[in-house]
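**Student:** For the sequence shown, counting from 1, position 125 maps to 141 in our numbering; every step adds exactly one.
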Amino acid sequence: GQVVAGTGSAISFGFKPAGIYTVSAFGTIPSICSTVIPMTGSAIITETPQVISTVSVFADANPVCAGTLVGFLASPVNGGVDPLYEWFVSSISQGVPSTTNTFSYIPADGDMVYVVMYPNQTCSAGNPVSDVILMGVTPTSTVEFTEAACDTYTWALNGQTYTASGNYTYVAGCVTNILHLTITPSSIVEFTEAACDSYTWALNGQTYTVSGDYTYVAGCVTNILHLTITPSGNNEYTQSACDSYFWAVSGLTYTASGTYTFVNGCSTNTLYLTITASSTVEFTDAACDTYTWALNGMTYTTSGDYTFVVGCVTNILHLTITPSSTVEVTESACEAYTWALNGQTYFVSGDYNYVVGCVTNVLHLTINAAVTPAVSIVESANNVVAYPG
């Protein structure tokens with residue numbers, strides 16, 4: 017067997033194959049005696065198979081956008097209780113080994129991340145190194161959009177519909193999309209217009225020749241034009257008047273002859289006007305019982321003032337009506353009779369008329385032939401008496 021000199025301390029026999037070993041020792045205890053004291057013991061060496069330890073590493077994101085904090089997780093196999101981990105980035109240690117199996121940092125593009133595990137496992141074969149994670153880092157960018165819409169807006173990038181103005185963000189990969197959105201409520205403005213023949217709408221510059229409702233959208237405002245188109249027309253009037261004329265079409269009064277124009281809507285009205293100064297002609301007449309006025313053909317039976325207008329001439333008739341009457345006279349005369357009323361002398365009996373005004377004088381006349389009288393004279397006392405014969 018192997019002889020090993022004593023040292024007064026524990027003795028190591030080195031690595032031995034598995035098996036049962038007997039250890040014998042001979043020695044003295046100088047402080048007691050010099051007699052050799054034999055010692056015998058045994059040891060059973062059991063061989064434990066070597067264990068292969070491994071470690072894997074996982075990133076919570078790869079590739080990532082620049083500036084992103086990335087976490088890594090080490091997953092051990094046969095690491096034992098509380099193995100130690102040392103993290104490396106592109107072969108540079110990130111700190112002393114520790115029992116923490118996680119690591120996080122902000123990577124750069126092309127970084128190589130791995131971990132070395134120091135197992136706390138009996139018979140572990142060495143310190144395993146994980147696979148390398150090659151980090152991909154994409155630079156970040158920002159794209160801005162400015163939009164305006166009526167009532168709502170659907171952003172094609174994310175399919176979202178917005179109803180309020182604001183700044184909205186949508187991240188796609190490493191691109192930050194910012195939408196500057198203005199939402200305007202829709203509104204309607206209505207216009208009512210009338211025109212002759214055609215109408216040009218200032219809002220859109222369009223000319224219309226037919227009545228109707230027309231729409232023009234400007235932004236979020238819907239403008240509606242209620243349009244009435246009337247064809248133009250001409251109306252002519254010829255009038256005569258005395259002193260002045262009130263034209264109902266224009267509401268004006270004219271005092272002189274002339275041609276006057278008034279435009280009403282789409283109609284041009286023309287007035288050809290003759291003004292004649294008024295005049296008055298007066299007539300005074302008297303009649304018996306009735307009177308027919310030749311100017312107007314009217315017959316009057318009562319006294320009064322009567323008016324008849326011809327054009328601008330006012331004819332006034334001052335009329336006196338006297339009832340007719342008859343006065344009869346009966347006369348007789350010898351050979352001839354002179355009627356004092358008319359100075360006429362009549363020699364023949366008859367009925368004679370003489371009208372004075374409305375009085376008809378009737379003369380019933382008897383003319384007697386002349387007779388030579390016979391006279392008898394008688395003397396009586398002192399008187400002479402003549403008796404017609």
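C-beta: ideal position from N, C-alpha, C; glycine also.
May I have the straight-line CA-CA distance separating residue 224 from residue 236, to the nearest angstrom?
**Tutor:** Residue 224 and residue 236: Cα-Cα distance of roughly 23 Å.
**Student:** Is it true that the CB of residue 67 sits closer than 8 Å to the CB of residue 139?
**Tutor:** Cβ atoms of residue 139 and residue 67: closer than 8 Å.
**Student:** Nearest to residue 315 by CA position, among 307, 185 and 321, is which residue?
**Tutor:** Comparing Cα positions, the closest option is 307.
**Student:** Bridge partners of residue 312, per DSSP?
**Tutor:** Answer is none; residue 312 lacks a bridge partner.
**Student:** For residue 66, name the three-state secondary structure that DSSP assigns.
**Tutor:** Coil.
**Student:** Give the straight-line distance between the Cα atoms of residue 369 and residue 341, rounded to the nearest whole angstrom.
**Tutor:** When rounded, the distance between both Cα atoms is 12 Å.
**Student:** Please name the residue or residues paired with residue 369 in a DSSP beta bridge.
**Tutor:** Paired residue(s): 378.
**Student:** Which of helix, strand or coil does DSSP assign to residue 56?
**Tutor:** Correct three-state label for residue 56: strand.
**Student:** Anyone know if the C-beta pair for residue 212 and residue 258 falls short of 8 Å?
**Tutor:** No. Outside cutoff.
**Student:** Can you tell me where the beta strand (DSSP E) holding residue 255 begins and where it ends?
**Tutor:** Its beta strand (DSSP E) spans residues 249 to 258.
**Student:** Can you list, in chain order, the stretches of the beta strand (DSSP E) that have 3 or more residues and sit fully within the stretch 265 to 289?
**Tutor:** Whole beta strand (DSSP E) segments, 3+ residues: 268 to 270 and 274 to 280.
**Student:** What number of angstroms, rounded off, separates the C-alpha of residue 130 from the C-alpha of residue 33?
**Tutor:** Taking the straight line joining both Cα atoms gives about 37 Å.
**Student:** Helix, strand or coil for residue 92, going by three-state DSSP, please let me know.
**Tutor:** The answer is strand: DSSP assigns residue 92 an E or B state.
**Student:** Skipping 5 residues on each side, what residues in its chain have a beta carbon closer than 7 Å to that of residue 226?
**Tutor:** Excluding residues within five positions, the ones whose Cβ falls inside 7 Å are 245.
**Student:** Determine the extent of the beta strand (DSSP E) in which residue 429 is found, giving its start and end residues.
**Tutor:** Absent from the model: residue 429. The displayed extent of the chain is 17 to 405, so no value can be given.
**Student:** Is residue 120 near residue 87, with beta carbons less than 8 Å apart?
**Tutor:** For residue 120 and residue 87, yes; Cβs fall inside 8 Å.
**Student:** Say whether the stretch 169 to 188 touches the stretch 140 to 154, bearing in mind that this needs 3 or more beta-carbon pairs closer than 8 Å, one atom from each stretch.
**Tutor:** Result no; under three Cβ-Cβ pairs closer than 8 Å.
**Student:** Going along the chain, which residues of its own chain have a beta-carbon closer than 6 Å to the beta-carbon of residue 207, five neighbours each way excluded?
**Tutor:** Closer than 6 Å at Cβ, skipping near neighbours: 241.
**Student:** Tell me the residue span of the beta strand (DSSP E) that contains residue 133.
**Tutor:** Start and end: 128 to 134.
**Student:** CB residue 334 to CB residue 300, shorter than 8 Å?
**Tutor:** Cβ atoms of residue 334 and residue 300: closer than 8 Å.
**Student:** Could you say which of 104, 114 and 143 lies nearest to residue 128 if we only look at CA atoms?
**Tutor:** Of the listed residues, the one whose Cα sits closest to residue 128 is 104.
**Student:** I want to know whether the stretch 319 to 333 touches the stretch 356 to 367 - three or more CB-CB distances under 8 Å.
**Tutor:** They do not touch, by the three-pair rule.
**Student:** Beta-carbon within less than 6 Å of residue 106's beta-carbon, same chain only, minus the 5 sequence neighbours each way: which residues are those?
**Tutor:** The answer, listed in chain order, is 127 and 128.
**Student:** For residue 209, is the classification buried or exposed, using 16 other Cβ atoms within 10 angstroms of its Cβ as the cut-off for buried?
**Tutor:** Flag for residue 209 reads exposed.
**Student:** Would residue 386 and residue 344 qualify as a contact pair, given that the criterion is a beta-carbon distance under 8 Å?
**Tutor:** Contact: no.
**Student:** Can you give me the start and stop residues for the beta strand (DSSP E) that residue 229 sits inside?
**Tutor:** From DSSP, the beta strand (DSSP E) with residue 229 extends over 228 to 234.
**Student:** Take residue 260 as the anchor and find which of 271, 163 and 166 has the nearest alpha-carbon.
**Tutor:** Per the Cα distances, 271.
**Student:** When the Cα of residue 195 is compared with those of 205, 177 and 201, which residue comes out closest?
**Tutor:** Looking at the Cα atoms, 177 is the closest of the given residues.
**Student:** Starting from residue 341, trace the beta strand (DSSP E) both ways and give me its first and last residue.
**Tutor:** 341 to 350 is the extent of the beta strand (DSSP E) around residue 341.
**Student:** For residue 82, which of 158, 220 and 163 has the nearest alpha-carbon?
**Tutor:** Among 158, 220 and 163, the Cα nearest to that of residue 82 is on 158.
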